[in-house]
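The structure appears below as structure tokens.
There are 2 protein chains.
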Amino acid sequence: MSRRDVSFLFDLDGTLVDSVYQHVLAWQQALHAAGIELSVWRIHRRIGMSGGLFTEMLLREVSVPITPDLLETLQRQHAEAYARLVPWVRPLPGATELLAYLTEAKLPWAIATSGRMISAQHNLRALGIDPATATVVTRDDVAHAKPDPDLFIAAAERLGSDIHSAVIVGDSIWDMLAARRAHGLGVGLLSGGYGQDELERGGAIRVYEDPADMLRHIDEVGGRA
Amino acid sequence: MSRRDVSFLFDLDGTLVDSVYQHVLAWQQALHAAGIELSVWRIHRRIGMSGGLFTEMLLREVSVPITPDLLETLQRQHAEAYARLVPWVRPLPGATELLAYLTEAKLPWAIATSGRMISAQHNLRALGIDPATATVVTRDDVAHAKPDPDLFIAAAERLGSDIHSAVIVGDSIWDMLAARRAHGLGVGLLSGGYGQDELERGGAIRVYEDPADMLRHIDEVGGRA
């Protein structure tokens, strides 16, 4: 492949925006409101999956019967708790600079998030991204979210890029699994709070600290201008 | 050594009590109040150290001049933010059962925390531990907290146990480093949200999920009744 085939597909929460820990505590509060007590680190380790899969896996850990009503209540309670914590959410260091660099270098990029547009909007705004002009694929656009590969495949298609030469950047093992299943190249960031080996064992070809660190090493993953 | 020499020294936050994520967000809010923005995962990776060392290391990452006034303000703001989040703090699964098992088996145990008694009190209460009868060593009792070995050495001395045969249980790499420096045997728990390899590379001889998982495997680390 020529370098012009390279594209960059980004996860959003924990990858470009520093929002994972707020999501974690919001889920704890939502579960508690439903009478379910679960250790916070177990919630953290599930974050980044599709919301439906996420709640199903959590509820299986505590052996609670999974009903559509309960799932709907949890999603709503989470959204309410997250709204209270969202004032603390910031872009990650280097996120806007990394995207600006790729734009400048004419390297196509897109965002592919397991969240819905309604919750992604705030994060995109914080990053200075206009969903009307940037390529953004959300949970609303695909049948299955991460760790299924659909989101990244849809993002590459929208860019008109070959998924096989896409660099797929994420902070969670669900991003890395989805990258492998999409046959793209996973790159992990530590900024979601997972360990380096978790990402490497999930299939990351490189792991950086955060977007700023990735920008410093962008030549390693096909990003030279 | 005979098995009767074995003692168990426990960290508190993230090891017996599910409080790490609340501490992380409380530090983010305290730093923000002081005009300092720092990624949340970087705060997480420093949690569990002595409060003084912790703030000094964080401030060095953002190149902010470290003054006694600033340190005092941060500690106070953190305590206030944590007090707002503390209603969400719970004992970790199996914590009370593990301590009850050790008491029943006549295996000496103690708690050694980098926090001060004023903040540890709430957690001890949640665990049903009376500091008047249990052996609890806090930051108030030693010159240097973790990753220095003083807390664990003081805890073993209070128990009249040999530190060389002490099983030192913690969730952070600072616990594992302090265990190595104390010449005890570090056992890691994933319940603080760190990765297994981080704990193993810090020197853990075994890593369990949480206190409940450790109790299921207690024979592996000298805990047979």
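Respectively, the protein sequence lines represent chains A and B. Position in the first sequence counted from 1, then plus 7, gives you this note's numbering. Position in the second sequence counted from 1, then plus 7, gives you this note's numbering. Every residue, glycine too, gets a C-beta built ideally from N, C-alpha and C.
Extent of the continuous beta strand (DSSP E) to which residue i belongs
i       : result
L66(A)  : Counting along the chain, L66(A) falls outside any beta strand (DSSP E), though it belongs to the alpha helix (DSSP H) covering G58 to E68.
W116(A) : W116 to A119
I125(B) : Run containing I125(B): none in the beta strand (DSSP E); it sits in the alpha helix (DSSP H), M124 to A133.
L192(B) : L192 to L196
I175(B) : A173 to G177
R213(A) : R213 to Y215
Presumed contact (8 Å Cβ cut-off) between residue i and residue j, rounded CB distance
i       : j       : result
L134(A) : L23(A)  : 6 Å
L16(A)  : A117(A) : 5 Å
T120(A) : T145(A) : 6 Å
L19(B)  : G122(B) : 7 Å
I50(A)  : L66(A)  : With a Cβ gap of about 12 Å, I50(A) and L66(A) do not count as contacting.
A41(A)  : L106(A) : 37 Å between Cβ atoms; not a contact.
G21(B)  : G55(B)  : 7 Å
Residue of the options minimising C-alpha distance to residue i
i       : options                               : result
V176(A) : V228(A), V149(A), H151(A) and L92(A)  : V228(A)
A7(B)   : D226(B), E164(B), Q203(B) and V194(B) : For chain B, the structure presents residues 8 to 232; residue 7(B) sits outside this window and is missing.
A150(A) : T142(A), I160(A) and A141(A)          : I160(A)
L206(A) : G58(A), R91(A) and D178(A)            : D178(A)
S26(A)  : R208(A), R97(A), Q35(A) and I43(A)    : R97(A)
R91(B)  : L19(B), H30(B) and P100(B)            : H30(B)
E216(B) : G230(B), Y201(B) and L45(B)           : Y201(B)
S14(A)  : Y108(A), I50(A) and A173(A)           : A173(A)
R52(B)  : Y28(B), Q36(B) and E44(B)             : Y28(B)
D148(A) : I125(A), D169(A) and A219(A)          : I125(A)
E44(B)  : I43(A), P94(A) and V47(A)             : P94(A)
Q203(A) : I180(A), D12(A) and P218(A)           : I180(A)
L99(A)  : G209(A), A232(A), R213(A) and G199(A) : G199(A)
S46(A)  : D226(B), A40(B) and A219(B)           : A219(B)
D234(B) : G209(B), R213(B), E164(B) and M221(B) : The displayed coordinates of chain B run from 8 to 232. Any statement about residue 234(B) would go beyond what the structure contains.
A152(B) : D226(B), R208(B), R213(B) and L60(B)  : L60(B)
G230(A) : R208(A), E104(A), R213(A) and Y108(A) : Y108(A)
M221(A) : D137(A), G209(A) and E104(A)          : E104(A)
Assigned exposure category for residue i - 16 Cβ within 10 Å defines buried
i       : result
R223(A) : exposed
H171(B) : exposed
G167(B) : exposed
V69(A)  : exposed
T62(B)  : buried
A102(A) : buried
A127(B) : buried
T142(A) : buried
M8(B)   : With a pLDDT of 48 at M8(B), under the threshold of 50, the modelled position of that residue is not reliable, and the figure given next carries that caveat. Exposed, because fewer than 16 other Cβ atoms sit within 10 Å of the Cβ of M8(B).
A232(A) : exposed
A139(B) : exposed
R10(A)  : The predicted position of R10(A) is uncertain, since its pLDDT is 48 and thus under 50; a value taken from the coordinates is nonetheless stated next. Its Cβ having fewer than 16 others within 10 Å, R10(A) is exposed.
L131(B) : buried
For residue i, the first and last residue of its enclosing alpha helix (DSSP H)
i       : result
Y28(B)  : V27 to A40
Y108(A) : A102 to E111
I180(B) : I180 to R188
V1(A)   : Residue 1(A) lies beyond the stretch modelled for chain A, which goes from 8 to 232, so this question has no answer here.
Y201(B) : Segment: none, Y201(B) is in no alpha helix (DSSP H) and carries neither H nor E.
R146(A) : Run containing R146(A): none; DSSP gives neither H nor E here.
L16(B)  : L16(B) -> not in any alpha helix (DSSP H); beta strand (DSSP E) instead, spanning S14 to F17.
R91(A)  : P75 to L92
D157(B) : D157 to L166
R223(B) : P218 to R223
Chain E residues whose Cβ lies nearer than 7 Å to that of residue i
i      : result
R97(B) : The displayed structure is made up of protein chains A and B, and chain E is not among them.
**Prompt:** Quick check: the region 81–91 of chain A against the region 182–196 of chain A, are there 3 or more CB pairs under 8 Å?
**Reply:** no
**Message:** Quick test of the definition: if touching needs 3 or more C-beta pairs under 8 Å, does the region 141–161 of chain B touch the region 186–195 of chain B?
**Reply:** yes
**Asked** Is there contact between the region 75–83 of chain A and the region 101–118 of chain A, where contact requires at least three CB pairs shorter than 8 Å?
**Response** no
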